[in-house]
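Novice: If you count by the working numbering, then the sequence shown holds residues 7 to 191, one letter each, in order. Backbone N, C-alpha and C define an ideal beta-carbon position, used for all residues, glycine too. Just so we're clear, the structure is a prediction, and the values are computed from it rather than from any experiment.
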Amino acid sequence: MKKDTEFLIKTGGRESFEAVFSLMEQAFPQSERRTRQGQAALLEKDVYSYRILEEDGQFLGFLGVWDFGEFRFCEHFAVNENARGKGIGTKALLRWAGESETPVVLEVEPPETAIAQRRIGFYQRAGFTLNSFSYWQPAMQPGQEPIPLLLMSWPGALSKEAFRRCRDCLLREVYGVSPEEFLHP
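#1: From which residue to which residue does the beta strand (DSSP E) around residue 129 run?
#2: Roughly how many angstroms lie between the CA atoms of residue 191 and residue 148, to the nearest whole one?
#3: Hey, is the stretch 12-31 in contact with the stretch 56-72, meaning 3+ C-beta pairs nearer than 8 Å?
#4: Compute every distance between the C-beta of residue 51 and the non-hydrogen atoms of the ligand NAP, then say whether any falls below 7 Å.
#5: Below 8 Å, how does it come out for the stretch 152-170 and the stretch 45-52: are there three or more Cβ pairs, yes or no?
#6: Determine the extent of the alpha helix (DSSP H) in which residue 188 is found, giving its start and end residues.
#7: Buried or exposed: which applies to residue 36, given that a residue is buried once 16 or more other Cβ atoms fall within 10 Å of its Cβ?
#8: In whole angstroms, what is the alpha-carbon distance linking residue 145 and residue 166?
#9: Cα separation between residue 67 and residue 84?
#10: If the criterion is Cβ atoms closer than 8 Å, does the pair residue 176 and residue 79 meet it?
#11: Let's see if you can read the secondary structure: which residues bound the alpha helix (DSSP H) around residue 150?
#12: Starting from residue 114, trace the beta strand (DSSP E) in both directions and tell me its first and last residue.
Written as structure tokens, this is what we have:
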């Protein structure tokens, strides 16, 4: 890999699934990803796609993204272990975010651990804002519990109303749950 990495970001589909899912299994705990079947089913949705990071035909990583018109959601983002520490993640995130003026949101763990603090710092250095509104991610797989998270947004903070619209859309479209039933059981 070249020292000053020049990589492509391209839209991927079924042909990218195995590489994406393999990296997803390495980079995310089971509670933060779907089953293989559940992840593959997302490729049937028009609002979901993979953005593949590639250099000289080598898979470097991916962004799993949703485009809802009013905002975009980066659900998963990972760079291969051997490509980390070279600025690829920051460049990829900024390139993707800059493809459109549509705002971007993503989920992060609260800053209660060193790794969560580092992750939040990474996104803040890329221009994202940490929003303090209470947010829970529904269980990704049967038998799991919801996870307390926070939303980060680009290019600026979310208003309370924008947060509510984003949260409700994510609950409905990404996690397949009714906001009313999930928030008020």
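Specialist: Taking the definition as stated:
#1: Not the beta strand (DSSP E): residue 129 falls in the alpha helix (DSSP H), residues 120-131.
#2: Approximately 18 Å between the Cα atoms of the pair.
#3: In short, these stretches touch, since the Cβ pair count reaches three.
#4: In the structure shown, the ligand NAP is absent, as is every other ligand, since no ligand is present at all.
#5: Taking 8 Å as the limit for Cβ pairs, the verdict is that the stretch 45-52 does not touch the stretch 152-170.
#6: Annotation: the continuous alpha helix (DSSP H) that includes residue 188 extends over 185-189.
#7: With a 10 Å radius around the Cβ and a threshold of 16 neighbouring Cβ atoms, residue 36 comes out exposed.
#8: CA-CA distance, residue 145 to residue 166, rounds to 24 Å.
#9: When rounded, the distance between both Cα atoms is 5 Å.
#10: For residue 176 and residue 79, yes; Cβs fall inside 8 Å.
#11: Here residue 150 belongs to no alpha helix (DSSP H), and DSSP marks it neither H nor E.
#12: Taken as a continuous stretch (DSSP letters only), the beta strand (DSSP E) holding residue 114 covers 110-114.
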